[in-house]
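Colleague:
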């Protein structure tokens, strides 16, 4: 549904998006993850034809965003991070205006507006001026505006930003409900959101794609290489070989005197065995921690380590110097 | 069809803004008050003058007519008022959309930049048209009360001239509004430009050289004269239309180029 190839956007000398490529299939919900300033919004603006790309191509529903912007715009619903609303209009007339400029046929306009208002639960503020609405309502009116013309593709830039927890849950449910019928790309920097709503994640940092997979796979791939870090006191010569012999231990590294890292095979918990082995050698075990990675840590890992190495080997085991490995024990 | 619907939707939206805020009411109120004020003053002078002309029947000058004196006089003054009041109507057209981020909504909807510009231009022009229409009540009274009613043709062309001048001012103001996100800047700049163009017309005197004459030709109000007298000269119409189209063209280029510079 969306095909992005080598998309690049430069602002003067500053490269906001650097040759990114990805695909979104029909009915899929794609999470677009990255720290602030990673190029998420720029990419979304290119997909919605708001900004022209510097290089590369992007096609939405088979139409090129640069060559056939009107065709693309007809098929895309878009909510920018700050919903574009007219504070001096009431919700009903705002949506009526949007329906008109989005080409909803006059005969369907009423039902489409009512439908969108019901889905986003803003029907109760139909006659309220947008300027008087709370942040949560505004966000939802912005969402209602995006789904009015029943677009094939929905592009949502941080749809849950600024909402209270209850509203966040409701919005996520709404987005999940819209998936299947619509193809959705949503950006966020809140990680649980991705694992809860998205079928696939593209992690982007400094304008480049650093990882792309399902949230489960991303977690698995890294947990498959879960690392246990142990600290011992005493003469540790030869401990490496002993530890390597433990079933399930894939690789053992000596970080410095008395500190070892053991990569465990997928899903196996080798901590008990490690502890026994250390004690059996007559050493004191003073520290043992598992550095299994949550999505949060993967994200931090991918976006804080050098982009080039991360790209070459996205599921790289956490390097000792990476803060991600220390986040959780 | 879709183009017309889009433009229509934008006109409607602009009117919601004008009438949902005090802008429309203030503009109509000031305009009609000034119109009435000028009308009253000019009418008084006219009555005094015609009484005098009536008394010195034999050696008196030409009998003053309502068209030349009252209607043309008021319309001329209102052309200057237009210069002050149109920046108020145009300054927010694009500046506000940019500031509140709604430009993103318009530009990601399946409408073209021309449709956005046309909708906004016609929306503002329609409000200006309404202002003129409301104030024409003053003139209608002449047909009811005057012993020799005025000719309708110079009135019609005079009103047309005012509308054309207003349309040019609005087109220019719309262009200026695309340049900034600050309404005050847009309004002040438009007002300054319009004032400058008005002053250009003052260069038009018989002794002026070719450069001064050419500059004076650009003075928007200098092209009013013939129309106010009831003479429709194609070159005046062409002048106004080209000024309008050129301003809107600049606005279009400005809107389009901002996507590239963003």
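Protein chains in written order, with our numbering: chain A, 1 to 329; chain B, 1 to 262.
In this text, a Cβ means the ideal position worked out from N, Cα and C, and glycines have one as well.
Being a predicted model, the structure only gives us computed values, none of them experimental.
1) Just mark residue 55 of chain B as buried or exposed, buried being the case when its beta carbon has 16 or more other beta carbons within 10 Å.
2) Give the secondary structure of residue 23 of chain B by DSSP, where H, G and I count as helix, E and B as strand, and everything else as coil.
3) What are the start and end residues of the beta strand (DSSP E) that includes residue 50 of chain A?
4) Excluding sequence positions up to five away, which residues of its chain have a Cβ less than 8 Å from the Cβ of residue 259 of chain B?
5) Can you tell me whether DSSP reads residue 86 of chain A as helix, strand or coil?
6) Mind checking whether residue 51 of chain A and residue 57 of chain A have CB atoms under 8 Å apart?
7) Find the residues of chain B that neighbour residue 103 of chain A, judging by a C-beta separation of less than 7 Å, and give them in chain order.
8) Here's a check: name, in chain order, each residue in its chain whose Cβ is nearer than 7 Å to the Cβ of residue 98 of chain A, leaving out the five neighbours to either side.
9) Which one of A/88, A/137 and A/74 has the shortest CA to CA distance from residue 103 of chain A?
10) With a Cβ-Cβ cutoff of 8 Å, do residue 174 of chain A and residue 120 of chain A count as a contact?
11) Decide if the region 11–25 of chain A is in contact with the region 199–211 of chain A; the criterion is three or more beta carbon pairs, one per stretch, under 8 Å apart.
12) I want to see whether chain B comes within less than 8 Å of residue 97 of chain A, judged by CB atoms only; does it?
13) Can you give me the start and stop residues for the alpha helix (DSSP H) that residue 245 of chain B sits inside?
14) Which stretch, first to last residue, makes up the alpha helix (DSSP H) that contains residue 140 of chain B?
15) Kindly indicate if chain B contains any beta-carbon less than 8 Å away from that of residue 49 of chain A.
16) Does the beta carbon of residue 14 of chain B sit closer than 8 Å to a beta carbon anywhere in chain A?
17) Under 8 Å by Cβ, that's how I've got residue 99 of chain B and residue 181 of chain B pegged, so tell me the actual separation to the nearest angstrom.
18) Taking Cβ-Cβ distances shorter than 7 Å, what residues in chain A pair up with residue 9 of chain B?
19) Between the alpha carbons of residue 223 of chain B and residue 52 of chain B, how many angstroms are there, rounded?
20) Closer than 8 Å, CB to CB, is residue 5 of chain B near chain A or not?
21) I'd like to confirm the pairing. Which residues does DSSP put opposite residue 14 of chain A in its beta bridges?
22) Quick one: list the residues of chain A neighbouring residue 101 of chain B, beta-carbon separation under 7 Å, in chain order.
23) Looking at residue 40 of chain A and the ligand ADP, is the gap between the Cβ and the nearest heavy atom below 7 Å?
24) Determine the chain A residues that contact residue 260 of chain B at a beta-carbon separation under 9 Å, and present them in chain order.
25) Mind listing the chain A neighbours of residue 256 of chain B? Cutoff is C-beta to C-beta under 8 Å, in chain order.
26) Using only the alpha-carbon positions, how far apart do residue 196 of chain A and residue 37 of chain A sit?
27) Use the C-beta contact count for residue 18 of chain B: other C-beta atoms within 10 angstroms, 16 or more gives buried, fewer gives exposed.
28) If distances are taken between C-alpha atoms only, which option among A/193, A/275, A/155 and A/124 comes closest to residue 168 of chain A?
29) I'd like to know if residue 88 of chain A contacts chain B, where contact means its C-beta is closer than 8 Å to some C-beta of that chain.
Modeller: By the coordinates alone:
1) Stepping through the second chain from its first residue, residue 55 of chain B is reached at position 55. Taking all protein chains shown into account, residue 55 of chain B has fewer than 16 neighbouring C-beta atoms within 10 Å of its C-beta and is therefore exposed.
2) Taking the second chain and counting its residues from 1, the one referred to as residue 23 of chain B is at position 23. When secondary structure is reduced to three states using DSSP, residue 23 of chain B falls in the helix class.
3) For the purposes of this step, residue 50 of chain A is taken as the residue at position 50 of the first chain. Element bounds for residue 50 of chain A: n/a, residue is neither H nor E.
4) On the second chain, position 259 is the one that residue 259 of chain B refers to. Around residue 259 of chain B: 107.
5) For the purposes of this step, residue 86 of chain A is identified with residue 86 of the first chain, where counting begins at 1. Residue 86 of chain A: coil per DSSP, three-state reduction.
6) Reading the first chain from its first residue, position 51 is the one you call residue 51 of chain A. Reading the first chain from its first residue, position 57 is the one you call residue 57 of chain A. Cβ atoms of residue 51 of chain A and residue 57 of chain A: not closer than 8 Å.
7) Numbered from its first residue, the first chain carries residue 103 of chain A at position 103. The CB of residue 103 of chain A comes closer than 7 Å to the CB of 2 and 110 in chain B, given here in chain order.
8) Taking the first chain and counting its residues from 1, one reaches residue 98 of chain A at position 98. Cβ neighbours of residue 98 of chain A beyond the five flanking positions: 145 and 148.
9) Within the first chain, numbered from 1, the residue matching residue 103 of chain A stands at position 103. Restricting attention to A/88, A/137 and A/74, the CA atom closest to the CA of residue 103 of chain A is found in A/74.
10) Indexing the first chain from 1 puts residue 174 of chain A at position 174. Indexing the first chain from 1 puts residue 120 of chain A at position 120. Between residue 174 of chain A and residue 120 of chain A, the C-beta gap is smaller than 8 Å, which places the two residues in contact.
11) Segments in contact, yes.
12) Sequence index remark: in the first chain, residue 97 of chain A carries index 97 (1-based). So yes, residue 97 of chain A belongs to the interface.
13) Your numbering for residue 245 of chain B matches position 245 in the second chain. That run of the alpha helix (DSSP H) goes 234–261.
14) For this step, residue 140 of chain B is matched to residue 140 along the second chain. Unbroken alpha helix (DSSP H) run through residue 140 of chain B: 137–145.
15) Within the first chain, the letter at position 49 stands for residue 49 of chain A. Contacts with chain B at 8 Å (Cβ-Cβ) include residue 49 of chain A.
16) By 1-based counting over the second chain, the position of residue 14 of chain B is 14. Closer than 8 Å: no.
17) Here residue 99 of chain B refers to the residue found at position 99 when the second chain is read from its first residue. Here residue 181 of chain B refers to the residue found at position 181 when the second chain is read from its first residue. The pair is a contact, with the Cβ atoms about 4 Å apart (cut-off 8 Å).
18) Walking along the second chain from the start, residue 9 of chain B turns up at place 9. Going along chain A in sequence order, the residues near residue 9 of chain B (Cβ under 7 Å) are 97, 100 and 101.
19) As a working mapping, residue 223 of chain B is identified with position 223 in the second chain. As a working mapping, residue 52 of chain B is identified with position 52 in the second chain. Going from the Cα of residue 223 of chain B to the Cα of residue 52 of chain B covers about 32 Å.
20) Translated into the one-based positions of the second chain, residue 5 of chain B becomes position 5. With respect to chain A, the C-beta atom of residue 5 of chain B has a partner C-beta closer than 8 Å.
21) Here residue 14 of chain A refers to the residue found at position 14 when the first chain is read from its first residue. Assignment of beta-bridge partners to residue 14 of chain A by DSSP yields A/11.
22) Mapped onto the second chain, residue 101 of chain B falls at position 101. Annotation: Cβ neighbours of residue 101 of chain B in chain A (cutoff 7 Å, chain order): 80, 82 and 84.
23) This structure lacks the ligand ADP, and indeed carries no ligand of any kind.
24) Along the second chain, one-based indexing puts residue 260 of chain B at 260. Here the neighbours are 51 and 52.
25) Counting from 1 along the second chain, the entry for residue 256 of chain B is found at position 256. Per Cβ cutoff of 8 Å: no residues; residue 256 of chain B is ~10 Å from chain A at best.
26) On the first chain, position 196 is the one that residue 196 of chain A refers to. On the first chain, position 37 is the one that residue 37 of chain A refers to. Put simply, the backbone Cα of residue 196 of chain A is about 23 Å away from that of residue 37 of chain A.
27) As a working mapping, residue 18 of chain B is identified with position 18 in the second chain. Looking at its Cβ environment, which holds 16 or more other Cβ atoms inside 10 Å, residue 18 of chain B is buried.
28) Counted from its first residue, the first chain places residue 168 of chain A at position 168. Per the Cα distances, A/193.
29) Mapped onto the first chain, residue 88 of chain A falls at position 88. At a cut-off of 8 Å, the C-beta of residue 88 of chain A has a neighbouring C-beta in chain B.
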